[in-house]
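Comments concern the structure below.
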Amino acid sequence: MPLHFELGRRFFILTLFGYSLAVASAVLAVHFTSQPILKKMQREALIDHAASNAQNVEIRLARITQALTVVARSPEVINYAIGDFSSSERVKDFLSSIDVEDGLRRATVLDFLGTPLTTYEFEADAPTTFLPVELSVAAVSVVKENAEKATYVYRPSETPGHANFLITVPIRWRGMAEGALVFERSIDLSQIVDIKTTIGTQKLATRFQAQMSKVWGDEKNPTLMTPIPQTSFFLVLEPDQEAVRAIGNEIVSTVMISVGLILIIPFGLMCGAGYHSLVAPHKALQDSREQLRRKQVELRELAEISQRSNDAITVTDIEGKVIWGNPAFSEVTGYEIHEVIGKRPGDVLQGTGTDPEERDRISAAIRERRPVRSEILNYTREGRPYWIALSIAPLLDDHGEAYRFVAISSDITAQRAQKEAMLRAKREIEYQALHDPLTGLPNRRSLDVELEAICAAGSETRTLIRIDLDHFKYVNDTLGHAAGDFVLIEVSKILTKLAGNDDLAARVGGDEFVILLGADKQAEDARRLAEECLVAIRKEMEFEGRPCRVGASFGIASANNEIVSNSTLLLAADAALYLAKDRGRNTVATYSQKMHADVIEKRVLAAEIEQAIVEESFEPFFQPQIDAKTGGLAGLEALVRWRHPTRGVLTPDVFLPVAYQLSVVDAIDKIVLTKGLKTIEKLNRAGHQLPKISFNVVAKQLEDPALSDMTLSYNLAPTIIAFEVLESVLIEEQSTEFKFQIDRLKEQGFHIEVDDFGSGHASIIGLMHLSPNAMKIDQRLIFPLTELGSARQMVRAIIEIGKALGIQVTAEGVESEEHARILAAMGCDTLQGFHYAKPMDAQDLDAFLKRQGVPQRTANAI
Ligand code: C2E
Ligand code: CA
Ligand code: CA
C-alpha cells in the first residue's frame, strides 16, 4: 500500500477518534452537570409535592375534626363528662346522630382521668386498632395539657391507601379540659398515600417510623419527611431514583445526538482541511521521494550498463572533448581513457580513410548542439581501420540547454563487409537478370522495366525500333556458332555506338534487338537511326580472317500522346518489322494506321482460318484441263475454296498468305485432298472415268508418306493423282529423303508437276533432277501471248525444253480462243483456263462432265 494511503487512513482514524472524544466529553459534561441539577429540581418538586400532600391530609383531618369538635362541645357531652350520667342515653343518641362519613368506627367519652365513660359503636363489631389504654392516654394528655384543639394518633391500616386514626377532641367546660371525646376512625387517603408517582412513593408514618425510614434510606436516596401540621405524624416520601436516571439518560442521549450532529460539520471541515494541508503535501513529498529513489536506481543501472556495454560510450564536454569513457571504449580503440581525456574523439580516432564530408557533418551537428547518427571509418591505436555506427546526442540541463554530449558507437566492420558483399551479389544478380550475358546489352526484362518506367513517368512519346538480323542463320550454319556470337557482339557494339545516351539498346532474342529511344524522340529520329544502323551492319565484318556479312530489317513504332500499352507498342514494332521483311529485308518500315488495320484484319482472319480448319469449311473447286490436240478432258486441278460463314466463297489469295504465316497450309491441303478424292471416287463410280486430278501441295509435304498412303486408300482407278509443287522447288537444295520420297511417289504411280514455271526460278538443272511428269507455264507468260512476241518466244522455248526433257507442258490462264490456238500450234500438251471453264464445285463439275460426255480424250481437237 502506498505510504500516502496509510497516512490518509491514519489521519481519518485520528479525526474520527477526536470526533468521538469530543462527543463523549460533551455528553459526560452534560451528564455531570445535569445530574445534580436534576436531583435538586427533583427534590424541590418533592418538597412542594410533599408539602401540598401534607396539607391535604391536614385539611382532611381538620374537616373531620371540625364535625367532632361540634359534638364535643355539645352540652349533653360536656354534662356527661363532668359526671352527669343521667344524660347517658341522650349522649348515645346524640353520638348516633353524628353525620359521620364512612370509616367512623366508634366514639368513646372519657373523663379527665382517662376513664372511659361510654362507647358508641357506629358499626357492629368494628375491628379495633387501638387498645383501650391508648384511648385513656390520649384523653389524659388532652386534659393535662388543657388542649383546645384535637390530637391525633396514627396507625397504618391493612387496607392499602387507608390510615387508622385516633382523634381525641377535648371536652371543655369553663375554659378547662374536663374530659375527651375519642374517635377511632379509618380514613381513605388513597388519593394521597401509597401511590407510586414519577418522583417517588409517599407514605404516612409516625415519628418513629419516619425516623427509621430515614435511617434505612441510603444517602443517595434520602427520604423526605414532611410533618403534617396539628399532628404528630409525617408524610414520608421515598424518591424514585430510576425515574431520575431515566430522565438523565434521555437528556444524555438527546445531547449526544445533537452534539454528534453539530460536531460533524466542524470535524468534516477539519478532515478536508487536514487532508489538503497535511496528506496532500505529504503525498507530493512522498511521490517526489519515490521519483528520486527510482531515478537513483535508474542511474545506478545506467552506470552498470555503461560499464558492461560492448558499445563504446564517451561523454564529452560541450566542445566535444572527452571527459569520460567506458571500458568498451578502451577495448575497441586500444586507447586508455586517460589518454583521450580532453581530446576530441575524431582527432584521435579518425584518419586518412575517413570520409571528410561525414566528419564535417558530425562536427556541424556538435556545433549546432543537435543529435547526429553516422557510419564512419575509425582507426585503432595500432592503426587498424574499423567501421562504427555512431550516435551522438546532447545531454540537456533543466533549462533544456545542452551541456554535454554522449556518444555511443558499435563496431560494424563485419556487418558492413557482409552488407557490401550482399549488395555486390545483389547487384551482380540484378545485372545478370537484366543483361544479356553474350553482348552485355540490357535484355528483354530490362527493356520491359524501362518501358514501364517511361510509362510511370508519364512520358507522352515512346519510340521503339525492332531489329531482326537477315541471314544470320546462314552465318551460324556456314561459319559456326562462334562466328554467330561474333556477329551478335559486333552488331550490339554498332547499336550501342549509334544510339544516343538517352536511348536504350537491348537484345531481346537470338538475333533480335530493340532500341528504345529517349523520351523526346519521334518516329523520324528512329528512322534516321535505323538507317545509320543498317548501313553499319551491312558492312562486311571479318571473323578469324574470313569475311562475313549480315543484313537487318527494322520495324519502327511510336506512341505519341496515345494511350497505348507497351505490349501493343512492341507488337506494332513487330508488325512493322514483318513488313520490312516482306519488302525484301534490309529495309526500315514504320508502323502506320493502315498497318494497324491490316494487322487487326489479319488477326481476325487467322482466328477464322483456324476455326475453319476445325470445321473443315475448306473444299476443292475443280478446273478442267483440256488436251490441246483432242480437245478432250485431260484432267482436273483441285483449287481450294473457303465457304466463309458470312463472306461467301473465298478464293485462296484472300486467306492462303495468312495460312502460310500460320503454317496451317498443309492442314488445309489435307482437307482439300480428302474431299477431292471423295468427289473423284464418286464421279468415277458414276461412270465418268476421269483421267487425272492434280492437287496443289507444299513441297515439304511430299516427304510425308502418310500423304500417299492416305491417297492410296481410295479406289480411284483409272484416275491419275498428280501433285503440283511450286517452281521454287527446283532451286532449293533438296534432302536425300525428299528425293527418295519423290521416287517412291513416282513408283506408286503418282505424277509430279511443277507449277508456275517461268515465274522466277526456272531451273533446267532442277527440272532434270526432279524430272517431273509435267510443267505448268505460269499464266503471267500466257496472258501477253497474243500481244508480245517476246512472250511467244519464251513460251515456245519452254515448250521446247519440255519436249527435250520428255516433260508434258500445260498452259495456265488460257482465256481466249486465240490463246488456245497459239499454244496448240506451239505444241503445248494441255490447256487450262477460263476459256474452258472456271474452277467449279463438285455439283457443277458433275453437270460440266455430263455436258462434255465421257470419256473426253477422244473429243475433237480445238
Ligand atoms: P495456281 O496453282 O497457279 O492455280 C491457278 C490459278 O489460276 C487459280 O486461281 C485459277 O482459278 C486461276 N486461273 C485458271 N484459269 C485462269 C484464267 O484463264 N484466267 C485467270 N485470270 N486465272 C485463271 P486460284 O484458284 O485463285 O488459286 C490461286 C493459287 O492458290 C493457286 O495458283 C495455288 O498456288 C494456290 N492454291 C489453290 N488451291 C490450293 C490448294 O489446295 N493448296 C495449295 N497449297 N495451294 C493452292
Ligand atoms: Ca496449281
Ligand atoms: Ca499455276
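Quick note on my numbering: the sequence shown kicks off at 2 and runs consecutively. Backbone N, C-alpha and C fix where the C-beta goes; we use that ideal spot for every residue, glycine too. Keep in mind that this is a model prediction, so the values were computed, not measured.
Check: Cα separation between Met271 and Val24?
Finding: The residue you call residue 271 lines up with position 270 of the sequence shown. The residue you call residue 24 lines up with position 23 of the sequence shown. Going by the C-alpha atoms only, they are around 15 Å apart.
Next item on the list: Between the Cα of Asp112 and those of Arg156, Thr152, Phe123 and Gly180, spot the shortest distance and give me the residue it belongs to.
Entry: Locating residue 112 in the sequence shown gives position 111, counting from the first residue. Ranking Arg156, Thr152, Phe123 and Gly180 by Cα distance to Asp112 puts Gly180 first.
Notebook entry, point to check: Among the residues of its own chain, which have a CB less than 7 Å from the CB of Thr66, if the five just before and after it don't count?
Noted result: Here residue 66 corresponds to residue number 65 of the sequence shown, with the count starting at 1. Correct list, in chain order: Ala151, Ile168 and Val170.
Item checked: Element boundaries [alpha helix (DSSP H), containing Thr130] -> Start at 1 with the first residue of the sequence shown, and residue 130 comes out as number 129. It is not in any alpha helix (DSSP H) - Thr130 carries neither H nor E in the DSSP assignment.
Next item on the list: Could you work out which residue in Val450, Arg64, Pro372 and His32 is closest to Thr255 when comparing CA atoms only?
Entry: In the sequence shown, the residue the question calls residue 255 occupies position 254. Closest option to Thr255, Cα to Cα, is His32.
Next item on the list: Closer than 6 Å is what we want: which residues have a beta carbon that near any heavy atom of ligand 2? List them in chain order.
Entry: Glu638, Asn697, Glu725 and Asp756
Margin query: Are the CB atoms of Glu733 and Lys777 within a distance shorter than 9 Å?
Written below: Position 776 of the sequence shown, counting from 1, holds the residue named residue 777. Position 732 of the sequence shown, counting from 1, holds the residue named residue 733. No; because the gap between Cβ atoms is not below 9 Å, this pair is not in contact.
Notebook entry, point to check: Where Val659 and Lys603 are concerned, what is the direct C-alpha to C-alpha distance, given to the nearest angstrom?
Noted result: As a first step, residue 659 is located in the sequence shown; it is residue number 658 there, counting from the start. As a first step, residue 603 is located in the sequence shown; it is residue number 602 there, counting from the start. Each residue's Cα considered, the two are about 7 Å apart.
Checklist line | CA nearest to the CA of Lys693, picked from Leu69, Gln702, Glu682 and Leu703 | finding: Taking the first residue of the sequence shown as 1, we reach residue 693 at position 692. Measuring from the Cα of Lys693, the nearest candidate turns out to be Glu682.
Check: Rounded to whole angstroms, how far is the Cβ of Ala178 from the Cβ of Val143, which I believe are closer than 8 Å?
Finding: By one-based count along the sequence shown, residue 178 stands at place 177. By one-based count along the sequence shown, residue 143 stands at place 142. Going by Cβ atoms, the distance from Ala178 to Val143 rounds to 6 Å, so yes, they are a contact pair.
Next item on the list: Please name the residue, chosen from Ala775, Ile721 and Glu545, that lies closest to His482 on a Cα-to-Cα basis.
Entry: Taking the sequence shown and counting its residues from 1, the one referred to as residue 482 is at position 481. Closest option to His482, Cα to Cα, is Glu545.
Next item on the list: Mark Gly401 as exposed unless 16 or more other C-beta atoms lie within 10 angstroms of its C-beta, in which case mark it buried.
Entry: Counted from its first residue, the sequence shown places residue 401 at position 400. With fewer than 16 Cβ atoms within 10 Å of its Cβ, Gly401 is classed as exposed.
Notebook entry, point to check: Taking 8 Å as the line, does the beta carbon of Val509 fall inside it for any heavy atom of ligand 1?
Noted result: Against the sequence shown, residue 509 aligns to sequence position 508. For ligand 1, not one heavy atom lies less than 8 Å from the Cβ of Val509.
Check: With DSSP run on the structure shown, which of helix, strand or coil describes Tyr336?
Finding: The residue you call residue 336 lines up with position 335 of the sequence shown. Tyr336 falls in the coil class under three-state DSSP.
Notebook entry, point to check: At which residues does the alpha helix (DSSP H) containing Ile363 begin and terminate?
Noted result: Stepping through the sequence shown from its first residue, residue 363 is reached at position 362. Ile363 -> alpha helix (DSSP H) spans Pro357 to Arg368.
Check: Can you list, in chain order, the residues of its chain whose CB lies under 8 Å from that of Gly459, leaving out five sequence neighbours each side?
Finding: As a position in the sequence shown, residue 459 is number 458, starting the count at 1. Closer than 8 Å at the Cβ level, and outside the excluded window around Gly459, lies no residue.
Next item on the list: Name the two residues that bound the continuous alpha helix (DSSP H) containing Pro282.
Entry: Within the sequence shown, residue 282 is the residue found at index 281, counting from 1. Unbroken alpha helix (DSSP H) run through Pro282: Ala281 to Arg309.
Next item on the list: State yes or no: is the beta carbon of Met213 nearer than 9 Å to at least one beta carbon in chain B?
Entry: No chain B appears in this structure, which consists of one protein chain only.
Next item on the list: Use the C-beta contact count for Asp504: other C-beta atoms within 10 angstroms, 16 or more gives buried, fewer gives exposed.
Entry: Within the sequence shown, numbered from 1, the residue matching residue 504 stands at position 503. Buried.
Note to self: Quick check on DSSP: helix, strand or coil for Asn165?
What the structure shows: For the purposes of this step, residue 165 is taken as residue 164 along the sequence shown, with counting starting at 1. Three-state result, Asn165: strand.
Notebook entry, point to check: Can you give the Cα-Cα distance for Asn327 and Leu303, rounded to whole angstroms?
Noted result: Taking the sequence shown and counting its residues from 1, the one referred to as residue 327 is at position 326. Taking the sequence shown and counting its residues from 1, the one referred to as residue 303 is at position 302. Going from the Cα of Asn327 to the Cα of Leu303 covers about 12 Å.
Margin query: At a threshold of 8 Å, does Leu689 count as lining ligand 1 (C-beta to nearest heavy atom)?
Written below: One-based indexing of the sequence shown puts residue 689 at position 688. Reading off the sequence shown, one finds His at residue 689, where the question assumed Leu. His689 Cβ: outside cutoff for every heavy atom of ligand 1.
Margin query: I'd like to know whether the C-beta atoms of Leu678 and Ile669 end up nearer to each other than 9 Å.
Written below: On the sequence shown, residue 678 is found 677 positions in, with the first residue counted as 1. On the sequence shown, residue 669 is found 668 positions in, with the first residue counted as 1. No, these two residues do not count as a Cβ contact at 9 Å.
Checklist line | Beta-ladder partner(s) of Asp654, from DSSP | finding: Taking the first residue of the sequence shown as position 1, residue 654 is located at position 653. Its beta-bridge partners do not exist; DSSP assigns none.
Item checked: Cα-Cα separation, Ile800 to Val815 -> By one-based count along the sequence shown, residue 800 stands at place 799. By one-based count along the sequence shown, residue 815 stands at place 814. Roughly 15 Å separates the two Cα atoms.
Checklist line | Local Cβ density within 10 Å of Glu337, reported as buried at 16 or more and exposed below that | finding: Taking the first residue of the sequence shown as 1, we reach residue 337 at position 336. Result: exposed.
Check: For Phe473, which residues from the same chain have a beta carbon less than 6 Å from its beta carbon, with the 5 sequence-adjacent residues on both sides left out?
Finding: Counting from 1 along the sequence shown, the entry for residue 473 is found at position 472. Same-chain partners within the cutoff: Asp512 and Val551.
Checklist line | Distance, Phe696 Cα to Arg822 Cα | finding: By one-based count along the sequence shown, residue 822 stands at place 821. By one-based count along the sequence shown, residue 696 stands at place 695. Approximately 27 Å, taken between the alpha carbons.
Note to self: Starting from Pro840, trace the alpha helix (DSSP H) in both directions and tell me its first and last residue.
What the structure shows: Against the sequence shown, residue 840 aligns to sequence position 839. Careful: Pro840 lies outside any alpha helix (DSSP H) and carries neither H nor E.
Check: By DSSP, does Phe184 sit in helix, in strand, or in coil?
Finding: Here residue 184 refers to the residue found at position 183 when the sequence shown is read from its first residue. Correct three-state label for Phe184: strand.
Notebook entry, point to check: Excluding the five sequence neighbours on either side, which residues of its own chain have a C-beta within less than 7 Å of the C-beta of Gly104, listed in chain order?
Noted result: Within the sequence shown, numbered from 1, the residue matching residue 104 stands at position 103. Close CB contacts of Gly104 within its chain, under the 7 Å cut and outside five residues either way in sequence, are with Arg186, Ser187, Ile188 and Asp189 (chain order).
Check: Taking buried to mean at least 16 other C-beta atoms within 10 Å of its own C-beta, is Ala687 buried or exposed?
Finding: As a position in the sequence shown, residue 687 is number 686, starting the count at 1. Ala687 sits exposed, since fewer than 16 C-beta atoms from the chains shown fall within 10 Å of its C-beta.
Notebook entry, point to check: Taking the DSSP output, what are the residues bridged to Val589?
Noted result: Residue 589 sits at position 588 when you count from the first residue of the sequence shown. In the DSSP output, where bridge partners are listed per residue, Val589 has Phe555.
Next item on the list: Can you say whether Tyr661 is buried or exposed, counting buried as having 16 or more other CB atoms within 10 angstroms of its CB?
Entry: Position 660 of the sequence shown, counted from the first residue, corresponds to residue 661. Exposed, since its Cβ has fewer than 16 Cβ neighbours within 10 Å.
Next item on the list: Starting from the C-beta of Ala860, find all residues in its chain whose C-beta is less than 6 Å away, skip the five residues before and the five after it, and write them out in chain order.
Entry: Taking the sequence shown and counting its residues from 1, one reaches residue 860 at position 859. With a pLDDT of only 35 at Ala860, under the threshold of 50, the placement of this residue in the model should not be trusted; the figure read from the coordinates follows. Excluding sequence positions up to five before and after Ala860, its CB lies within less than 6 Å of the CB of Thr631, Gly632 and Gly633, all in the same chain and listed in chain order.
Checklist line | Residues near Lys322 by beta carbon distance below 7 Å, same chain, minus five either side | finding: Sequence index remark: in the sequence shown, residue 322 carries index 321 (1-based). Same-chain partners within the cutoff: Gly343, Lys344 and Arg345.
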